[in-house]
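My numbering numbers the first residue of the sequence shown as 48 and each following residue consecutively.
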Amino acid sequence: MKKSIFLYLMGFLLSQVTRAQKTSYGLKAGLNLIPIETPSVDYGKVLKPGLNAGIYFNYKFNKHLSLQPELYYTYKTSSYSRTDTTSLLKIVQMLDVVNTDDLAGFLGYFDLNVYQRTEARVNMNYIELPLILTYSAFNFLDLSLGVYGSYLVSAKSFITYKEDIPLLDATHLIDSFPQAGFVIQSLYPAYKEAQTSEMPSKNRFSSFDLGFTGNISFKMENDLCISFRYTRGMWNYNEETFSSKNAHSAYQIILSYPLSNFYVRVKPKINKPSFG
Numbered sequence: 048m049k050k051s052i053f054l055y056l057m058g059f060l061l062s063q064v065t066r067a068q069k070t071s072y073g074l075k076a077g078l079n080l081i082p083i084e085t086p087s088v089d090y091g092k093v094l095k096p097g098l099n100a101g102i103y104f105n106y107k108f109n110k111h112l113s114l115q116p117e118l119y120y121t122y123k124t125s126s127y128s129r130t131d132t133t134s135l136l137k138i139v140q141m142l143d144v145v146n147t148d149d150l151a152g153f154l155g156y157f158d159l160n161v162y163q164r165t166e167a168r169v170n171m172n173y174i175e176l177p178l179i180l181t182y183s184a185f186n187f188l189d190l191s192l193g194v195y196g197s198y199l200v201s202a203k204s205f206i207t208y209k210e211d212i213p214l215l216d217a218t219h220l221i222d223s224f225p226q227a228g229f230v231i232q233s234l235y236p237a238y239k240e241a242q243t244s245e246m247p248s249k250n251r252f253s254s255f256d257l258g259f260t261g262n263i264s265f266k267m268e269n270d271l272c273i274s275f276r277y278t279r280g281m282w283n284y285n286e287e288t289f290s291s292k293n294a295h296s297a298y299q300i301i302l303s304y305p306l307s308n309f310y311v312r313v314k315p316k317i318n319k320p321s322f323g
């Protein structure tokens, strides 16, 4: 279904090319600012930078209205954190040296939990195909709304895993009993030092992404155009369903330059020979 939607969108764009009255094209590149959650910030999110670059085609229907398909590479990222809780009592039960039922009242005064914290960041590289309807309000100002489809080219996950055991931190049990330290380290290898790993993870996520985009563009006298764009996904890249949960979003600052105008200016004039 996702693949059919993406291919249909591409076919629609190609059909629009053949119907265009006035065509221009050019290059564009810019900066993505992606809001992600991070444990280092107590409230809100931070903006993670990334790059985008590609080409665009603009098909002008009249003075004010145009259709602009684009094709470019873009970087997206996401992050998540999770805390799981287990109990130290499973060590005592495993050693089978004390009846934990007899100690239930005494142990109730201590925090016997093990807090297992997982923090992950995923870097994703997409080929994106937006289809944007643009209204030229003034000679220097464009307002645009559109949709996009994108294909996931690659993804890499960076994972940090840490285990916190408040009882051991408070009592220094491992320092007093090295044998206990060996058991703890075997069962909880990330207790003393966080474990980190990175791995390719493209197959863990949806290959396609769909969403909306809107931007405001300012044209400059030197043919450069600067755009401020917001994109919002409507596809859960974890579960492959339409959902705002686990959907991409990004702010973009984009510079574009029309190569078609440049070609017209530099095209040499050929004088036809005259006879007679």
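The beta carbon of each residue, even a glycine, is placed where N, CA and C say it ideally should be.
query: Are at least three pairs of beta-carbons, each pair with one atom in the stretch 117-128 and one in the stretch 167-180, less than 8 Å apart?; result: yes
query: Less than 8 Å between the beta carbons of residue 179 and residue 197, yes or no?; result: no
query: By the 10 Å Cβ neighbour count, where 16 or more other Cβ atoms means buried, how is residue 292 classified, buried or exposed?; result: exposed
query: Which partner residues of residue 229 appear in the DSSP bridge assignment?; result: Paired residues: none, contrary to the question.
query: Looking at the structure shown, is residue 250 part of a helix, part of a strand, or coil, going by DSSP?; result: helix
query: Identify, in the order they occur along the chain, each residue of the same chain with its Cβ nearer than 6 Å to the Cβ of residue 207, setting aside the five sequence neighbours on each side.; result: 166, 241, 243
query: Kindly list the residues whose CB is nearer than 8 Å to the CB of residue 239, restricted to its own chain and excluding five residues on each side of it in sequence; keep chain order.; result: 232
query: Is it buried or exposed for residue 305, if we count other Cβ within 10 angstroms and need 16 for buried?; result: buried
query: Suppose the cutoff is 8 Å on Cβ atoms and the five residues either side in sequence are ignored; what does the same chain contact list for residue 268 look like?; result: none
query: Rounding to the nearest angstrom, what Cα-Cα distance links residue 298 and residue 131 in this structure?; result: 33 Å
query: From the DSSP output, read off the bridge partner residues of residue 99.; result: 77, 121
query: Taking the continuous beta strand (DSSP E) assigned at residue 171, which residues delimit it?; result: 160-185
query: Does DSSP put residue 112 in a helix, a strand or coil?; result: strand
query: Cα separation between residue 281 and residue 254?; result: 14 Å
query: Excluding sequence positions up to five away, which residues of its chain have a Cβ less than 6 Å from the Cβ of residue 69?; result: 107
query: With respect to 7 Å, is the separation between the Cβ of residue 205 and the closest non-hydrogen atom of the ligand ZN below this value?; result: Annotation note on the ligand ZN: not contained in the displayed structure, which lists no ligands.
query: Taking Cβ positions, are residue 161 and residue 134 nearer each other than 8 Å?; result: yes
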